[in-house]
Structure formats: C-alpha cells, structure tokens
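A short worksheet on the structure shown next.
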Amino acid sequence: MNRLNLTSQFTAMLTLRPFSANPNHSSLSSLSSLNALNPLPTFSSKTLHKPYHCHPTKSSSICVKSLLQYNRKPQLAGTTPRVVVITSGKGGVGKTTTTANISISLARHGFSVVAIDADVGLRNLDLLLGLENRVNYTAIEALNGDCRLDQALVRDKRWSNFELLCISKPRSKLPLGFGGKALIWLVDALKHRNEGCPDFMIIDCPAGIDAGFITAIAPANEAVLVTTPDITSLRDADRVTGLLECDGIKDIKMIVNRVRTDMIKGEDMMSVLDVQEMLGLALLGVIPEDTEVIRSTNRGYPLVLNKPPTLAGLAFEQAAWRLVEQDSMTAVMVEEQPKKRGFFSFFGG
Ligand SMILES: Nc1ncnc2c1ncn2[C@@H]1O[C@H](COP(=O)(O)OP(=O)(O)OP(=O)(O)O)[C@@H](O)[C@H]1O
Ligand SMILES: [Mg+2]
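When we follow my numbering, the leftmost residue of the sequence shown carries the number 247, and every step to the right adds one.
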C-alpha cells in the first residue's frame, strides 16, 4: 500500500473540494492572500496558488481543490448572539479542541466570543486555551452568589474580545438544581451585560447524552456535531442529531475530525463523503489527523495561532469562517472501483 507522509496528506486533504453552499459566498480566493489578514500567520507555498487536481490512481483517488477565502473579513450571518453548542455523543472525538480553535479563530476575526465549558467535572477547555491559572471563579459560584458573573469570566490577554466561562471546578459533580434552565439564565445574563451582547457563545458539551448533554444544548440555537470517521462515533452522532432536532435545534452542521487520507485511500477509513451521506448533515469542516493538535493541546496554545499554520489549523480556520457565514462545504470523492462496498453499510445496510 502506498503510505503517505504528512506532506502528502496535506496535499491530499487539500484535494477535498469545498463547495460553498451559499451562492453569495462563492468568491473564494487563494491562499496567497493569507497574509492580508493580520495576525494570520504567513504561509508560503507556491503550489497552493492554484487549485489542486490529483489524478486518479489505480486504487482510489480523492480529487481536491482547496479554495480559501482569507482576503476579506467573514460576513456575520444570522442574529446575534449566535449560541452554538459543540457536541458529539461519543467522547474524545475533538469537541474541546474544536471549541478552542473555532472560538479563538472567531475572536481573531474581531467577533466577541464567550466560550462556555459546560463539561461539568471534567472541564479542560481552560487547559487547551492556556487559561487554567486564570480561572478563579466558576458559573456555579456566580449562581450561588459567591462572586459576580464578570468575575467568573476569564478574559484572554491575547484577544480582549474573547472570554472563557467555566461552569464548575474540575472533578466536581453536576450540582443538583443546575440544569438547562440555569444555563439559559447564564446565557441570558451574558446577553445583557453592560459590555454588550457577544456575537458568539460557543458551548463545549460533555460526551454522552445524559444530564450534562441536555443542560449544554438547552440554550443553543445551532449545533456543530464533531465526529470521527468510524462507526461508533457515527452511530452516536446520528443519535445526537435526533436529540438535537427533538430539542428544536434545526441548524446542525458537522465537522469530521481526525481524517487520514492514507487510510481512506487504502479503504481502511470511511471517506468524508461516506460520513456525509450517512449523517445527512451540512459539512462545516474536515480536520485531518495532525500531531500538532496534540502538541498544541499540551502547550495550551490553540492550533489556529501556530506560525506557520498546520493543515489542521487551516481547516479549523475555514470551519470558523463557514460558521460565521452560515456556509457549508461539500466533499467530493472520486473513487475507482471501490473494493469493499459492504464496509460502510452499518446503518441498516
Ligand atoms: N485532528 C486531530 N489530530 C490529532 N489529535 C487530535 C485531533 N483532534 C483531537 N485530537 C486529540 O484527541 C484527544 C481528544 O480531544 P478532545 O479533548 O478535544 O476531545 P473531546 O471530544 O472534547 O473529549 P471529551 O469527550 O473527553 O470531552 C486530545 O488528545 C486531542 O489532542
Ligand atoms: Mg472535551
């Protein structure tokens, strides 16, 4: 099997062709304009100035064009505040990573953002953002009257328009009485602060579909479902989609995380197209498996701030962009003579 290194994965990922679902947003430009948006990192790759076309190989091929759109500020669609829950069902698929990177990306574009860590007891968004030493109070304490709400909000020194709100201290249990209504109250209080209503509130949801999940989705009016291309994650994502719809959340988009093009080529991993066909959700982004994600997690430095940017960082940037514009993408895969057709037929197939 033709094993691909990271560079070729990069190239192959870029052969995923993101089509703008919104005709007004189809004016995509090349990576050459990355530098135009300060403080986006510099990125020099001559070959990226034109769309990629990869030629079909004997086994399978993914034809990809990457068209990025960094030469203008994203146009905020919808009414503010946009309250977005990042959820998945299955644990460990990248919800917190997505929350951290998308939130910081939005803040860098100038939008005011409050990231809410609703993973009660197992919070780690503060760690990923490098803000763990600055969290003195939590939302629970604000609700108990032990502090003011603004004391529980941690303002990022790098981006003054970004704030973090943790619901509880690490290893604490979801307090009795703290549920969806309490979170709705908090979101409402954040809307009516003297500082003004934030553009985005991004809620990091805990894994599972129990009380923590029900609480986290309560104030949301849109959802980003993070999934990995494996059957357990997809089954959970399918279940969660149903629950979100029951809760009245109609705007659900998905991010497919930890995608490995070498495995897709070897037909050992589902393609993004397969995932999209199974879940039937609009695609917000495709994030490749990238060791830099783990490195950035451990450093408490979101990937989107990396210079030069990594492929996963760029993919998160693009996802944030689409979120702002309520846009989506379509992955197109061209496969020659698929060998294992039965592999993906787990949804009643
Ligand atoms: N694209 C990626 N490439 C490589 N590693 C990744 C990627 N996305 C996430 N990870 C790693 O996967 C692990 C789990 O990520 P994360 O904590 O964001 O998941 P989660 O869904 O929030 O988990 P939980 O359900 O426990 O809250 C982390 O170690 C993270 O660094
Ligand atoms: Mg998490």
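We put the CB at the ideal spot given by N, CA and C, even for glycine.
All values derive from a computational prediction rather than experimental measurement.
In the pairwise beta carbon analysis, the stretch 368-383 is classified as touching the stretch 400-416: at least three pairs are separated by under 8 Å. For C451, no pairing in a beta bridge is given by DSSP. Beta-bridge pairing by DSSP links L411 to I362 and L399. For the pair T473 and N347, the Cα-to-Cα distance works out to about 16 Å. Every residue whose Cβ sits closer than 5 Å to any heavy atom of ligand 2 is listed here in chain order: K341 and T342. When DSSP reads this structure, T473 sits in a beta bridge with V502. Look at I495 here: in three-state DSSP terms it is coil, with no helix or strand label. Burial check for Q564: the Cβ neighbour count within 10 Å reaches 16 or more, so the residue is buried. As a beta-bridge residue in DSSP terms, G531 pairs with I501. Remark: the C-beta of S349 is outside contact range of ligand 1, defined as less than 8 Å to any heavy atom.
For V329, the enclosing beta strand (DSSP E) has its first and last residue at R328 to T333.
The residue among P465, P475, S479 and G488 with its C-alpha nearest the C-alpha of R506 is P475. About 7 Å separates the beta carbons of E538 and N552, which is inside the 8 Å limit, making them a contact pair. At least one heavy atom of ligand 1 sits closer than 8 Å to the Cβ of E535. Taking the C-beta atoms as reference points, L352 is found nearer than 9 Å to V570. In this structure, DSSP gives F459 a helical state, which the three-state scheme calls helix. The C-alpha of I477 is placed about 26 Å away from the C-alpha of A566.
Linking V366 to P416 through their CA atoms gives a straight-line distance of about 7 Å. At least one heavy atom of ligand 1 sits closer than 8 Å to the Cβ of S334. The Cβ atoms of K499 and A469 lie closer than 9 Å to each other. Residue nearest to A388 within the set K403, D363, S414 and C451 is S414 (criterion: CA-CA distance).
Closest option to F424, judged by alpha-carbon separation, among I448, Q397 and G458: G458. Annotation: the continuous alpha helix (DSSP H) that includes A566 extends over L557 to E571. By DSSP's assignment, F424 forms no beta bridge with any residue.
Under DSSP, the beta-bridge partners assigned to E468 are V330 and D497. The closest CA to that of I332, considering only E513, F357 and D363, is found on D363. Shortest gap from the CB of D365 to any heavy atom of ligand 1: under 8 Å. Note that the stretch 540-560 does not touch the stretch 320-334; fewer than 3 beta-carbon pairs, one per stretch, sit closer than 8 Å.
In the structure shown, the three-state DSSP call for M524 is helix. Contact check for M516 against M524 passes: the beta carbons are separated by less than 9 Å. Using a Cβ distance threshold of 9 Å, L530 and Q522 do not count as a contacting pair. With contacts defined by Cβ atoms closer than 9 Å, L480 and I455 do not form a contacting pair.
Distances between the C-beta of L368 and the heavy atoms of ligand 1 include at least one below 8 Å. Going by beta carbons, D445 and P327 fall inside the 9 Å limit. Taking 8 Å as the cut-off, one finds at least one heavy atom of ligand 1 near enough to the beta carbon of D450.
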